[in-house]
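>
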Amino acid sequence: MVPASSFREDVIAGLSLPQKALPPKYFYDAAGGRLFERICRQPEYYPTRAELALTRRHLAAIARFAGRACELVEYGSGASLKTRLLIRALRPSAYVPVDISAEALAGAARRLAREFGWLRIFTVTGDFSQPLRLPMFRARAGRRRVVYFPGSTIGNLTPGEAQAFLKMTRGQVGRAGAMLVGVDLKKDANVLHAAYNDARGVTAAFNLNLLQRINRELGADFDLRRFRHYAFYNPRHSRIEMHLVSPERQLVNVGAYRFEFASGETIHTENSYKYSIEEFRALAAEAGFRAMKLWQDRQGLFSLHGLVAD
Ligand code: AVJ
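Note that this note's numbering has the sequence shown beginning at 14, numbered continuously upward.
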């Protein structure tokens with residue numbers, strides 16, 4: 014397995030780029046995870062509610078697509094309401110949640126084991142952006158491995174990275190396998206803007222928490238009062254960009270390293286790509302998946318693609 018690079022190395026490398034940047038996977042420490050859950054409850058942040066609504070609305074059809082007794086592999090969070098709905102409807106032969114946080118994973122597995130006494134759970138701690146080793150799975154007649162990747166987490170990857178990631182997943186599910194992937198859709202830029210600039214400032218706190226984490230874990234001295242949350246829709250790339258802006262010139266130390274911020278300079282902390290149905294299908298096709306099913310919420314805000322190995 015390729016060793017995952019460390020938080021420290023990624024931060025030093027990212028802050029050394031001409032356009033300073035930090036990988037969004039580091040948002041999710043304990044405080045960041047709680048802030049993300051609060052984001053999901055904000056009235057402006059539609060993706061969580063839209064995806065839950067479409068999952069409820071089409072649950073029977075989604076379960077039929079995945080196939081009874083499939084092995085369900087989930088990338089990312091494992092304790093969500095959507096996952097529980099799906100497990101109840103699918104009755105998978107095994108559930109394999111994959112997450113970078115061992116603690117989050119253990120907690121989720123414990124809760125699921127309590128709720129679903131019959132469910133076989135195999136947790137995998139790992140970064141799903143790296144090649145992963147999954148537990149052995151022998152596809153038998155009518156049983157397949159299905160990777161569930163909800164929440165539009167795929168939107169954090171560039172289209173090129175998303176394609177490589179889908180290719181890797183295609184290898185993991187094998188010839189009979191399938192994938193269920195949640196993808197946020199293109200829409201009015203005002204709606205997108207509001208979702209990433211909620212009135213209560215929860216997204217701002219989530220973004221700034223990354224600097225707090227760097228201070229705590231890497232002994233840095235970011236002054237959180239001297240950085241501002243900035244999120245906007247970039248139509249040229251069809252993505253929301255989140256940045257942290259330094260409104261004035263300042264110096265920041267991260268261990269033995271010192272970084273200068275010019276007045277107005279930013280750290281690019283996240284991309285959240287938005288796709289049309291056709292664009293995402295084309296991407297999946299390039300990666301060896303055929304788009305077989307498509308589900309949406311009533312308002313057409315969010316999509317769930319049922320992909321099969323081609
Ligand atoms: C969990 C990556 C899908 O991009 O919308 C929410 C994260 N960032 N608000 C997203 C996020 C700011 C979220 N994803």
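Note that CB positions come from ideal geometry on N, CA and C, so glycine has one too.
Measure the beta-carbon distance from Thr216 to Asn210 and round it to whole angstroms, keeping in mind my assumption that it falls under 8 angstroms.
As a position in the sequence shown, residue 216 is number 203, starting the count at 1. As a position in the sequence shown, residue 210 is number 197, starting the count at 1. Contact flag correct, Cβ pair sits at about 7 angstroms.
> Pro36: beta carbon under 7 angstroms from a heavy atom of the ligand GTP?
The ligand content of the structure shown is limited to the ligand AVJ, which means the ligand GTP is not among them.
> Once you ignore the five residues that flank Ile25 on each side, which residues in its own chain have a CB closer than 6 angstroms to its CB?
The residue given as residue 25 occupies position 12 in the sequence shown. Excluding positions up to five away in sequence, the list reads Tyr270.
> Using 10 angstroms around the beta-carbon of Met192, count the other beta-carbons present and answer buried if the total reaches 16, otherwise exposed.
Stepping through the sequence shown from its first residue, residue 192 is reached at position 179. Buried is the call here.
> Out of curiosity, what's the CA-to-CA distance linking Asp140 and Met255?
Translated into the one-based positions of the sequence shown, residue 140 becomes position 127. Translated into the one-based positions of the sequence shown, residue 255 becomes position 242. Looking at the two C-alpha atoms, the distance is approximately 22 angstroms.
> Taking Glu174 as part of the beta strand (DSSP E), name the residues at either end of that continuous run.
Walking along the sequence shown from the start, residue 174 turns up at place 161. No beta strand (DSSP E) holds Glu174; the alpha helix (DSSP H) holding it covers Pro172 to Val186.
> Nearest-angstrom Cα distance between Pro148 and Glu283?
On the sequence shown, residue 148 is found 135 positions in, with the first residue counted as 1. On the sequence shown, residue 283 is found 270 positions in, with the first residue counted as 1. C-alpha separation (whole angstroms): 31 angstroms.
> Enumerate in chain order the residues of its own chain whose CB-to-CB distance from Gln330 is below 6 angstroms, with the five nearest sequence positions on each side excluded.
Since the displayed the chain opens at 14 and closes at 323, residue 330 lies outside it and no answer follows.
> With a cut-off of 8 angstroms, does the C-beta of Ala34 fall near any C-beta of chain D?
Checking the listed chains, one finds no chain D in this structure; it contains a single protein chain.
> Rounded to whole angstroms, how far is the Cβ of Val258 from the Cβ of Gly277, which I believe are closer than 8 angstroms?
The residue given as residue 258 occupies position 245 in the sequence shown. The residue given as residue 277 occupies position 264 in the sequence shown. Confirmed, about 7 angstroms.
> Met14 by DSSP, collapsed to three states: which one?
Along the sequence shown, read from residue 1 onward, the residue named residue 14 stands at position 1. Its pLDDT being 38, under 50, Met14 is placed unreliably in this model, and the value from its coordinates should be taken loosely. In this structure, Met14 counts as coil in the three-state DSSP scheme.
> Take the Cβ of Glu230 as the centre, count every other Cβ of all protein chains shown within 10 Å, and call the residue buried at 16 or more, exposed below.
Counted from its first residue, the sequence shown places residue 230 at position 217. So Glu230 ends up on the exposed side.
> From the DSSP output, which residues share a beta bridge with Tyr286?
Here residue 286 corresponds to residue number 273 of the sequence shown, with the count starting at 1. Bridge partners of Tyr286: Arg252.
> Between the alpha carbons of Ile113 and Leu145, how many angstroms are there, rounded?
On the sequence shown, residue 113 is found 100 positions in, with the first residue counted as 1. On the sequence shown, residue 145 is found 132 positions in, with the first residue counted as 1. Between Ile113 and Leu145, the C-alpha separation is close to 11 angstroms.
> Tell me the DSSP secondary structure of Leu314 in three-state form.
Taking the first residue of the sequence shown as position 1, residue 314 is located at position 301. If DSSP states are grouped into helix, strand and coil, Leu314 belongs with coil.
> Quick one: does the C-beta of Ser114 sit closer than 7 angstroms to a heavy atom of the ligand AVJ?
What you label residue 114 is simply residue 101 of the sequence shown in a count that begins at 1. Every heavy atom of the ligand AVJ is 7 angstroms or more from the Cβ of Ser114, so no.
> Rounded C-beta distance between Gly5 and Phe162? I'm assuming under 8 angstroms.
Any property of residue 5 remains undetermined from this structure, which presents the chain solely from 14 to 323.
> Which residue marks the beginning of the alpha helix (DSSP H) containing Lys95, and which one marks its end?
What you label residue 95 is simply residue 82 of the sequence shown in a count that begins at 1. Leu94 to Leu103 is the extent of the alpha helix (DSSP H) around Lys95.
> Any chance the segment 160-180 sits against the segment 128-137, with 3 or more Cβ pairs inside 8 angstroms?
Contact between the segment 160-180 and the segment 128-137 is absent, because fewer than three Cβ pairs lie under 8 angstroms.
> Out of curiosity, what's the CA-to-CA distance linking Tyr108 and Ser316?
The count along the sequence shown starts at 1 and reaches residue 108 at position 95. The count along the sequence shown starts at 1 and reaches residue 316 at position 303. Answer to the nearest angstrom: the Cα atoms are 23 angstroms apart.
> Please go through the same chain and pick out, in chain order, the residues whose beta-carbon is closer than 7 angstroms to the beta-carbon of Asp6, but skip the five residues on each side of it.
Lying before the first or after the last residue shown, residue 6 is absent from the chain, which here runs from 14 to 323.
> Since Arg158 contacts Gly187 with CB under 8 angstroms, what's their CB separation in whole angstroms?
Start at 1 with the first residue of the sequence shown, and residue 158 comes out as number 145. Start at 1 with the first residue of the sequence shown, and residue 187 comes out as number 174. Confirmed, Cβ separation roughly 6 angstroms.
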